[in-house]
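In the working numbering, the protein residues as written are 52 to 181.
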Amino acid sequence: MCLLFSFSVGLITQYFAFVALLIWIWALLGSKTSRSAYYISIVSLSAVALSSVHVVALAIIIFIVYVGIEEHIFFIHPITYLQSGKNHKQIFYWYIVPGALAVLLTSFWALPMTSVFSYMPEQSLGLTDG
Numbered sequence: 052m053c054l055l056f057s058f059s060v061g062l063i064t065q066y067f068a069f070v071a072l073l074i075w076i077w078a079l080l081g082s083k084t085s086r087s088a089y090y091i092s093i094v095s096l097s098a099v100a101l102s103s104v105h106v107v108a109l110a111i112i113i114f115i116v117y118v119g120i121e122e123h124i125f126f127i128h129p130i131t132y133l134q135s136g137k138n139h140k141q142i143f144y145w146y147i148v149p150g151a152l153a154v155l156l157t158s159f160w161a162l163p164m165t166s167v168f169s170y171m172p173e174q175s176l177g178l179t180d181g
């Protein structure tokens with residue numbers, strides 16, 4: 052019954068965003084070992100952004116915690132980390148590129164939407180007389 056009400060008021064995207072977030076977390080954890088998980092993380096992060104902007108904040112928090120756990124030495128001793136000889140191009144490839152590509156994929160929908168943003172806040176959900 053709750054799912055039916057979600058369809059009727061247009062909140063089904065919240066469920067979709069949660070599923071896409073779970074897929075993104077799974078793909079993020081496996082993106083260093085699997086190329087397909089790497090690409091799935093890009094697509095699922097784009098799906099999260101397109102389905103619910105509120106879940107994007109949660110995804111950012113999860114990403115920061117994940118990077119903090121994976122690269123914790125950077126936050127404790129940044130000089131030692133930079134001198135460690137770790138391949139910084141791989142770190143850029145693992146962490147920065149997927150987010151940038153997800154933003155690029157999302158922008159094909161988000162940028163045109165913002166050009167007509169004044170239309171959106173003026174529309175009623177049909178729950179009131181106004």
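By construction, the Cβ of each residue, glycine as well, lies at the ideal position given by its N, Cα and C atoms.
All values derive from a computational prediction rather than experimental measurement.
Local conformation of residue i per DSSP, three classes
i	result
Ser97	helix
Glu122	coil
His186	No statement about residue 186 is possible, as the shown extent of the chain runs from 52 to 181 and does not include it.
Thr131	helix
Thr157	helix
Ser87	helix
Residue i classed as buried or exposed, judged by whether at least 16 other C-beta atoms fall within 10 angstroms
i	result
Trp75	buried
Leu162	exposed
Ala108	exposed
Leu155	exposed
Gly181	Note on Gly181: pLDDT 49, under 50, position unreliable in the model; no value is reported.
Val7	Any property of residue 7 remains undetermined from this structure, which presents the chain solely from 52 to 181.
Ser95	buried
Residue i - containing alpha helix (DSSP H), residue span
i	result
Trp75	63–81
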